[in-house]
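In the numbering used here, the protein residues as written are 109 to 427.
Written out below as structure tokens is the structure these notes cover.
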Amino acid sequence: MFIRLQINNVVSLPAGMSTGYSARDRSFEIGREACDWTLPDPDKFISARHCEVRYQAGAFWLHDISRNGTFINGSTQRMAGPHRLGQGDRLLIGRYVVLVSIDDERAATGHPRSSHGSTQRQMPVATGRPLDFADQPFFGPGEQRPGQRAPVASPPAPLASTRDEVLRDIAIAAGISPELLQSRDPHEVAAEIGAVLRTVVEELALLLKARAAAKILAKSTHRTMISAADNNPLKFVPGTDDILEIMFARRRSGYLDARHSVEDAFHDLKTHEFATYAAMQTALSRLLDDLSPEAISKKLPPTSFTSKKGLAWDAFVAK
109 MFIRLQINNV VSLPAGMSTG YSARDRSFEI GREACDWTLP DPDKFISARH
159 CEVRYQAGAF WLHDISRNGT FINGSTQRMA GPHRLGQGDR LLIGRYVVLV
209 SIDDERAATG HPRSSHGSTQ RQMPVATGRP LDFADQPFFG PGEQRPGQRA
259 PVASPPAPLA STRDEVLRDI AIAAGISPEL LQSRDPHEVA AEIGAVLRTV
309 VEELALLLKA RAAAKILAKS THRTMISAAD NNPLKFVPGT DDILEIMFAR
359 RRSGYLDARH SVEDAFHDLK THEFATYAAM QTALSRLLDD LSPEAISKKL
409 PPTSFTSKKG LAWDAFVAK
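Here you go:
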């Protein structure tokens, strides 16, 4: 049996490191240091030996041996035990999304797959070669005999329904009527939301950094410090990519979720804006009081030989 693992969210790795790994009928290790497949990770979220893929009884089994966990098919919970890898599985190892492709050698020779294979009916991940649909019957073993004409596929109504539901969820979350997005392509909407999201995250992070710098210049004693919980990634994580990863892809303990991070950022910026405005108002009021004619007159020395207006002007200039 042949297995292929391919990183799906990174185009390239540092020199000498591959974005994919293949094996046939054997076990292998994945980790940060000196493993069969080594994945670079400067943050050391990936363990030196992160997980093992063991070939047992004609199948590949994934075993998590890491400190921070390995995640399967979008689950927010780390693996609790061995997982039999199947075609189309998605693994989250550190910041890498890894797609699993498995080819049964018996399928390659024209024999049907055995009944103990994966029960999930998933479309194959693109491998760069034409797909051989004859080796992967859609209707279960034994339902399509040799020479029998395949039935005509029905229109993908469930897919269209799913796309409509996605647009509906987006509209409801945004507080607008779902009908407003009915004519839009979900992929275009998703691309626009992604672009806007990145811009918002970048600009919010810059504003929060400017706020922190202003506090330092003002010698403020109220500075944001990192704590054991409820930290805002917009304040403490450098780089937009890493911020988005923590907020949406790879949640970390000790950090706020995406919505609360943005709400917290805007709250702090509004508070800072109001405080700055109030401080400027107070400073300006004191300056005007200090430059008022009455205040200047009180500081003039009593004399009868010099023009009082001239002395007042000199005192004003001295300010």
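Every residue gets a Cβ at the ideal spot worked out from N, C-alpha and C, and that includes glycine.
Euclidean distance between Cα positions of residue i and residue j
i: Arg112; j: Leu193; result: 11 Å
i: Gln185; j: His191; result: 13 Å
i: Gly128; j: Ala299; result: 27 Å
i: Ile180; j: Val161; result: 14 Å
i: Glu251; j: Gly166; result: Here Glu251 scores only 44 on pLDDT, less than 50, and its place in the model should not be relied on; the value that follows carries that caveat. If I take the Cα positions, the gap works out to 24 Å.
i: Thr178; j: Lys327; result: 44 Å
i: Glu371; j: Arg271; result: 29 Å
i: Thr390; j: Ser120; result: 55 Å
i: Pro148; j: Val118; result: 12 Å
i: Pro401; j: Ser393; result: 14 Å
i: Ser130; j: Thr379; result: 54 Å
i: Met355; j: Leu399; result: 52 Å
i: Ala281; j: Ala322; result: 35 Å
i: Asp397; j: Val308; result: 42 Å
i: His368; j: Ser183; result: 21 Å
i: Ile404; j: Ala426; result: 10 Å
i: Ala51; j: Phe344; result: Because residue 51 is not part of the residues shown, which for the chain are 109 to 427, the question remains open.
i: Ala336; j: Glu287; result: 44 Å
i: Glu273; j: Ile351; result: 28 Å
i: Ser278; j: Pro150; result: The sequence given here has Ile at residue 278, not Ser. Between Ile278 and Pro150, the C-alpha separation is close to 35 Å.
i: Asp293; j: Glu141; result: 44 Å
Exposure label - residue i; buried when at least 16 CB within 10 Å
i: His295; result: exposed
i: Ser361; result: exposed
i: Arg134; result: exposed
i: Leu275; result: buried
i: Ile210; result: buried
i: Leu395; result: exposed
i: Ile284; result: exposed
i: Lys407; result: exposed
i: Asp212; result: buried
i: Leu364; result: buried
i: Ile301; result: exposed
i: Met125; result: exposed
i: Ser291; result: exposed
For residue i, the nearest candidate out of the options (CA to CA)
i: Leu199; options: Gln164, Arg358, Gly347 and Arg132; result: Arg358
i: Arg157; options: Gly139, Asp349 and Ile284; result: Gly139
i: Asn176; options: Tyr385, Thr127, Ala298 and Ser155; result: Ser155
i: Glu310; options: Asp133, Gln114, Pro401 and Pro346; result: Pro346
i: His375; options: Ala426, Ile351, Phe356 and Asn340; result: Asn340
i: Thr450; options: Met355, Glu402, Ala318 and Phe356; result: No information on residue 450 is available, as it lies outside the stretch 109 to 427 that the chain covers here.
i: Leu170; options: Gly182, Asn181 and Gly189; result: Gly189
i: Pro122; options: Glu137, Thr146, Phe136 and Ser130; result: Thr146
i: Gln195; options: Glu402, Gln114, Leu399 and Ala321; result: Gln114
i: Ala373; options: Ile280, Asp338, Thr390 and Ser393; result: Asp338
i: Phe136; options: Ser183, Ala281, Ala426 and Tyr163; result: Tyr163
i: Ser174; options: Ser183, Lys152 and Gly182; result: Lys152
i: Gly303; options: Ala403, Asp349, Ala321 and Glu141; result: Per the sequence shown, the amino acid found at residue 303 is Ala instead of Gly. Closest option to Ala303, Cα to Cα, is Asp349.
Integer-rounded CB distance, given that residue j should sit under 8 Å from residue i
i: Ala313; j: Leu342; result: 5 Å
i: Leu325; j: Leu377; result: About 17 Å; that fails the 8 Å criterion.
Within 8 Å, strictly: CB atoms of residue i and residue j
i: Ile201; j: Cys159; result: yes
i: Val206; j: Asn116; result: yes
i: Arg132; j: Phe168; result: no
i: Val297; j: Leu305; result: no
i: Glu353; j: Arg203; result: yes
i: Met187; j: Asp197; result: no
Heavy atom of the ligand FMN within 7 Å of residue i beta-carbon
i: Ser130; result: As for the ligand FMN, it is missing from this structure, which has no ligand bound.
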